[in-house]
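Undergrad:
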Amino acid sequence: MKVDVVLGLQWGDEGKGKIVDVLTPNYGVIARFQGGPNAGHTLHFGTTSHVLHTIPSGIFRNDTVNIIGSGVVVDPVIFAAEIKKLKDVGVDCSKTLKIAKKAHLILPTHRILDAASEAAKGKSKIGSTLKGIGPTYMDKTGRNGLRVGDILSPEFMERYAKLKAKHEDMLKSFNFSYDISEYENQWLEAINSLREFEIIDCEYVINDAVNNGETVLAEGAQGAMLDIDFGSYPFVTSSNTICAGACTGLGIAPSKIGNVYGIFKAYCTRVGSGPFPTELFDQDGDKLCEIGREFGSTTGRKRRCGWLDIVALKYSVMINGVTELIMMKADVMNEFENIKIATAYKVNGEITNAFPYEAQAEIEPVYTTFKGWNCNINDIRTYQQFPDELKQYVEFIEKETGVPVKIVSVGPDREETIIR
Ligand code: GDP
Ligand code: IMO
Ligand code: MG
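Going by our numbering, the sequence shown opens with residue 1042, and the numbers climb by one from there.
1) Let me know the secondary structure DSSP gives I1167 once reduced to three states.
2) Does the distance from the C-beta atom of M1368 to that of F1305 stay below 8 Å?
3) Between Y1434 and V1407, is the Cβ-Cβ spacing less than 8 Å?
4) Check whether the Cβ of V1046 sits closer than 7 Å to any heavy atom of the ligand IMO, and report yes or no.
5) What three-state label does DSSP hand R1184 in the structure shown?
6) Whose CB is closer than 6 Å to a heavy atom of the ligand MG? List the residues in chain order.
7) Please find out if some non-hydrogen atom of the ligand IMO comes closer than 7 Å to the beta-carbon of G1264.
8) What distance in whole Å lies between the Cβ atoms of I1174 and T1278, which are believed to be in contact at a cut-off of 8 Å?
9) Tell me whether K1355 sits in a helix, a strand or coil according to DSSP, three-state version.
10) For Y1045, which residues from the same chain have a beta carbon less than 6 Å from its beta carbon, with the 5 sequence-adjacent residues on both sides left out?
11) Looking at C-beta atoms only, is the number of pairs between the region 1422 to 1431 and the region 1392 to 1402 that lie closer than 8 Å three or more?
12) Quick one: is the Cβ of K1166 within less than 7 Å of any heavy atom of the ligand IMO?
13) Return the bridge partner residues of A1383 from the DSSP annotation.
14) Do V1130 and T1089 come within 8 Å of each other at the CB atom, strictly closer than that value?
15) What residue ranges within the region 1052 to 1129 form continuous alpha helix (DSSP H) runs of no fewer than 4 residues, ordered along the chain?
16) Considering F1271, what are the terminal residues of the alpha helix (DSSP H) in which it resides?
17) Quick check on the DSSP output: the alpha helix (DSSP H) that includes V1435 runs from which residue to which?
18) Short check: CB of S1450 to CB of E1457, under 8 Å?
19) So, at 6 Å on beta carbons, what are the nonlocal neighbours of A1231 in its own chain, with the 5 sequence-adjacent residues on each side left out?
20) Any chance the region 1317 to 1331 sits against the region 1055 to 1067, with 3 or more Cβ pairs inside 8 Å?
21) Mark E1260 as exposed unless 16 or more other C-beta atoms lie within 10 angstroms of its C-beta, in which case mark it buried.
22) Do G1081 and V1070 come within 8 Å of each other at the CB atom, strictly closer than that value?
23) Determine the closest residue to E1405 out of N1067, I1448, P1066 and N1389, with distance taken between C-alpha atoms.
24) Can you give me the Cβ contacts of T1464 inside the same chain, cut-off strictly under 7 Å, excluding the 5 residues immediately before and after it?
25) Are the Cβ atoms of E1331 and K1343 separated by less than 8 Å?
26) Does DSSP put D1155 in a helix, in a strand, or in coil?
27) Mapping the DSSP letters down to three states, classify A1144 as helix, strand or coil.
28) List, from N- to C-terminal side, the alpha helix (DSSP H) runs of 4 residues or more that fit wholly inside the region 1315 to 1344.
29) Can you check the region 1186 to 1260 for any beta strand (DSSP E) of at least 3 residues that lies completely inside it and give the ranges in chain order?
30) What span of residues does the beta strand (DSSP E) with T1289 cover, start to end?
31) Using a Cβ-Cβ cutoff of less than 6 Å, which residues in the same chain neighbour I996 once the five nearest sequence positions on both sides are dropped?
32) Rounded to the nearest angstrom, how far is the Cβ of T1339 from that of H1094, given a contact under 8 Å?
33) On a CA-only basis, which of G1264, D1429 and G1347 is nearest Y1356? Give me that one, please.
34) Here's a check: name, in chain order, each residue in its chain whose Cβ is nearer than 7 Å to the Cβ of G1337, leaving out the five neighbours to either side.
35) When you compare each of G1076, E1237, N1248 and F1215 to P1295 by their alpha carbons, which one comes out closest?
36) Alpha carbon to alpha carbon, how far is K1162 from A1156? Give it in angstroms, no decimals.
Listed below in structure tokens is the structure:
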């Protein structure tokens, strides 16, 4: 068997959580491969709505093994809170959830370093979720980090104190006041909840599963345009959000990758700073935000909204080797007379189909206008029943990207999903 991958093709919040939950019945193992509690993956069924930050989105389906992979960074406090919330709704993950030894730990001082670094950047701040993601990955690549497997070592507290002292030294260069005592107590207590789970060699477990014919789905966080190497640098996150990140984050070979499900919204959103060529500053933008309830699942921040960007989408499809597209939130555009898609950019007076290198480049999108479907599609359950205008919209995207749109989502609920 091969490992299928679900990932976001835009700037995050495409609806990965919903789709992983929908696809989970087809898989024996679901594994998150990167990111940390900067992610907020929402699952909605019936009257229940649940946001997951660290735990894979297959957790609500009985018997599925859920793995927090080696490429993930874990804040024990947030993890423990997630476990408690799941318990409160009757989900006991003690048997099905496993954590990679090689996943890195987010320390309380990583969070402070994140906040201090953002404050020092002033107007050019990244708009980080302030969960300590950047500093934790910096310690990982700098070869200073603490990993989940280290909590089993008798020297853990000594190593923790050493890294904390290093951070405190670094913090002296920022004029930033902080007090970690309360969070640190919670953190040390939460380390004990981590110890209650099976801590695994993720690469062996996943490769054994694949070799034994089990189906594995890798769940990405963030989106391709936030990738550390290929996103709109420096306004990105600190991990490889793209398909290659599933290989490095889980320990699987590129030849073991099967289907790559690329998820995108029928429009675009972005939370935090950085280039967003199709961003709208008018009533259409406000309407997308209001109807789409575009407020961050992790920070509650208002998401910037704009039209679908085919230039960025084609770039993401290329980088990720997307085999199937999944279009989300089509229903949010039910009440638009006209809908636009950016099919090229004008940069310095020149038409281009490439995403510019410079984060500050002045990009003017070149739009193609479509007639809106102007009706409620939430109750539709087959593609054939879609209004012609929506079919034209979907088929235009397929033609431009060269990839079939296999799923269209028409509402947040599990049931509001059309599989073609
Ligand atoms: P993720 O980070 O990619 O998992 O996405 P988020 O959970 O942060 O944001 C997606 C939001 O859109 C959540 O509130 C979902 O419940 C909601 N959502 C997902 N699919 C649809 C859809 O097709 N229509 C509507 N209206 N909402 C959706
Ligand atoms: P999910 O998995 C949307 C954004 C932040 C900020 C930048 C860097 O729910 O799609 P970080 O905290 O990683 O240092 O922030 O990346 N960002 C996200 N935006 N969805 C996410 O995750 C995000 N995770 C990080 O807003 O601009
Ligand atoms: Mg999200």
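By construction, the Cβ of each residue, glycine as well, lies at the ideal position given by its N, Cα and C atoms.
TA: On the basis of the data shown:
1) coil
2) yes
3) no
4) no
5) coil
6) G1053, D1054, A1080, G1081, H1082 and S1338
7) yes
8) 6 Å
9) helix
10) The question names Tyr, but residue 1045 is Asp in the sequence shown. Same-chain partners within the cutoff: L1258, G1299 and N1300.
11) no
12) no
13) D1350 and Y1408
14) yes
15) 1057 to 1064 and 1117 to 1129
16) First-last for F1271: undefined, no H or E at that position.
17) D1429 to T1442
18) yes
19) P1117, V1118 and A1121
20) no
21) buried
22) no
23) N1389
24) Any answer about residue 1464 is impossible in this case: the structure gives the chain only from 1042 up to 1461.
25) no
26) helix
27) coil
28) 1324 to 1332
29) 1239 to 1241 and 1257 to 1260
30) Counting along the chain, T1289 falls outside any beta strand (DSSP E), though it belongs to the alpha helix (DSSP H) covering C1284 to L1291.
31) There is no way to answer for residue 996, as the model of the chain reaches only from 1042 to 1461.
32) 7 Å
33) G1264
34) G1081, V1312 and R1344
35) N1248
36) 10 Å
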